[in-house]
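Chemist: In terms of the numbering used here, the sequence shown is residues -9 to 91. Beta carbons: idealized from backbone N, C-alpha and C, even for Gly. Here it is, the structure, as structure tokens.
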Amino acid sequence: SAHRFNMSMATTATVLFTTFVLGGATRPLLLKLGLVPSKDARARQQIKARDDAAKREADLMLNSKSELDNVSEGLHPVRVRFRRALRCAARSLRHLDAELL
-9 SAHRFNMSMA
1 TTATVLFTTF
11 VLGGATRPLL
21 LKLGLVPSKD
31 ARARQQIKAR
41 DDAAKREADL
51 MLNSKSELDN
61 VSEGLHPVRV
71 RFRRALRCAA
81 RSLRHLDAEL
91 L
């Protein structure tokens, strides 16, 4: 056929345009429309989930503080001080994460 070359060039151009231009523009378009969370938003969600889990764990530890004080006579004093220091460090890390966000 006389138009064979033109048909192959048109097909090639269509495939390349569809693959690279439209394929490359899909994610930015979805981000602009808000249908896909950005990397920053995803990182913030992960940090918030981690902080929430740490806060729940710290709250459980703080709630069990009275139990720790009751049992502290049976524990070695170094262990009691170490647990209290860990609680304090966890609290300060939570505050630091909150300031960074």
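1) I need the DSSP call for Pro27, collapsed to helix, strand or coil.
2) Taking only the alpha-carbon atoms, compute the straight-line gap between Leu50 and Ala43 and give it to the nearest angstrom.
3) Which whole-angstrom value is the C-beta distance of Ala80 and Ala48, which I expect to be below 8 Å?
4) Which same chain residues end up closer than 7 Å to Gly24 when comparing Cβ atoms and leaving out the 5 residues on each side of it in sequence?
5) Locate the alpha helix (DSSP H) running through Thr9, then write down its first and last residues.
6) Would Leu20 and Val11 be called neighbours here (beta carbons separated by less than 8 Å)?
7) Assuming Lys45 and Arg84 make a contact with CB atoms under 8 Å, what is their CB distance in whole Å?
Modeler: To lay it out plainly:
1) Here residue 27 corresponds to residue number 37 of the sequence shown, with the count starting at 1. Coil.
2) The count along the sequence shown starts at 1 and reaches residue 50 at position 60. The count along the sequence shown starts at 1 and reaches residue 43 at position 53. Cα-Cα distance, rounded: 11 Å.
3) Counted from its first residue, the sequence shown places residue 80 at position 90. Counted from its first residue, the sequence shown places residue 48 at position 58. Yes, Ala80 and Ala48 are in contact; Cβ-Cβ is about 5 Å, under 8 Å.
4) For this step, residue 24 is matched to residue 34 along the sequence shown. The answer is none, since no qualifying residue turns up.
5) Locating residue 9 in the sequence shown gives position 19, where the first residue counts as 1. Here Thr9 belongs to no alpha helix (DSSP H), and DSSP marks it neither H nor E.
6) Taking the sequence shown and counting its residues from 1, the one referred to as residue 20 is at position 30. Taking the sequence shown and counting its residues from 1, the one referred to as residue 11 is at position 21. Not a contact, by the Cβ cut-off of 8 Å.
7) Along the sequence shown, read from residue 1 onward, the residue named residue 45 stands at position 55. Along the sequence shown, read from residue 1 onward, the residue named residue 84 stands at position 94. Their Cβ separation, rounded to whole angstroms, is 6 Å, which keeps Lys45 and Arg84 in contact under 8 Å.
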